[in-house]
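Before any comments, here is the structure.
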Amino acid sequence: MSNLRWWVEEYGFDGFRFDGVTSMIYHSHGMSDDFSGGYPMYFGLNADTDSLVYLMLSNDFLHKKYPEIVTVAEEVSGMPALCRPVAEGGQGFDYRLAMALPDMWIKILKHMKDEDWVVGDIVHTLENRRYKMVLTSDEERFGGHNRLQLGSKHHTFPEGYNGRRNHLLVYAPARTCLVLRL
Numbered sequence: 000m001s002n003l004r005w006w007v008e009e010y011g012f013d014g015f016r017f018d019g020v021t022s023m024i025y026h027s028h029g030m031s032d033d034f035s036g037g038y039p040m041y042f043g044l045n046a047d048t049d050s051l052v053y054l055m056l057s058n059d060f061l062h063k064k065y066p067e068i069v070t071v072a073e074e075v076s077g078m079p080a081l082c083r084p085v086a087e088g089g090q091g092f093d094y095r096l097a098m099a100l101p102d103m104w105i106k107i108l109k110h111m112k113d114e115d116w117v118v119g120d121i122v123h124t125l126e127n128r129r130y131k132m133v134l135t136s137d138e139e140r141f142g143g144h145n146r147l148q149l150g151s152k153h154h155t156f157p158e159g160y161n162g163r164r165n166h167l168l169v170y171a172p173a174r175t176c177l178v179l180r181l
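In terms of numbering that gives the first Met the number 0, the sequence shown has 129 at position 130, counting the first letter as 1, and numbering is strictly consecutive.
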């Protein structure tokens, strides 16, 4: 936790993205788990309690010492209470990085013709989250890990938007936002 404080005080960080949280919080690293939603899979023997406690302590420390700080968890299992305050038994993150959104757009844009899009599937992916779950999904490469650069191309609008080349911001209420590129 001293490293977190150092980054804030030395460089003025205003938030942290915790990468690979799914791999941290499960002994199986989330590999070959289907995460269908049953609570035993989240809170059973596969849960790495040391990692969960570390994340709770880190978020609790950061939010108490720096109330304006923002923390984001890259987590794909749907772990309940990930974005609930530590005082309520959660891990204390402000946002969960919604990895299903970029994966959906990659699949649609790379492999489907416009007329084959299933709007119901798109809506399901956009709305499939726990009640009051706060999500964010980032950036021009759809997900922050250069997913489209390996032998592929960027799927952006070449004509630009509002006079700005390849800039797009989509905001939906309830702190669920999708930022493709700024």
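Cβ atoms here follow ideal geometry from the backbone N, Cα and C, with glycine treated the same way.
Using the rule of at least 16 other Cβ atoms within 10 Å of the residue's Cβ for burial, across every protein chain shown, is Val-117 buried or exposed?
-> With fewer than 16 other Cβ atoms within 10 Å, it is exposed.
Where do the N-terminal and C-terminal ends of the beta strand (DSSP E) with Glu-73 fall, by residue?
-> Taken as a continuous stretch (DSSP letters only), the beta strand (DSSP E) holding Glu-73 covers 69-73.
Let me know if Glu-73 comes out buried or exposed under the rule of 16 or more other beta-carbons within 10 Å of its beta-carbon.
-> Glu-73 comes out buried.
To the nearest angstrom, report how far apart Leu-61 and Arg-4 are at their CA atoms.
-> C-alpha separation (whole angstroms): 8 Å.
With Tyr-41 as the anchor, note down where its alpha helix (DSSP H) starts and where it stops.
-> For Tyr-41, the enclosing alpha helix (DSSP H) covers residues 38-42.
So is Leu-44 buried or exposed if we call it buried at 16+ other beta carbons inside 10 Å?
-> With fewer than 16 other Cβ atoms from the protein chains shown falling within 10 Å of its own Cβ, Leu-44 counts as exposed.
Residue range of the alpha helix (DSSP H) that Arg-4 falls in?
-> Here the alpha helix (DSSP H) through Arg-4 covers 1-10.
Would you say Asp-221 and Val-20 are within 9 Å of each other, going by their C-beta atoms?
-> Since the first and last residues shown for the chain are 0 and 181, residue 221 lies out of range.
So what does DSSP say about Leu-56, is it helix, strand or coil?
-> It is helical.
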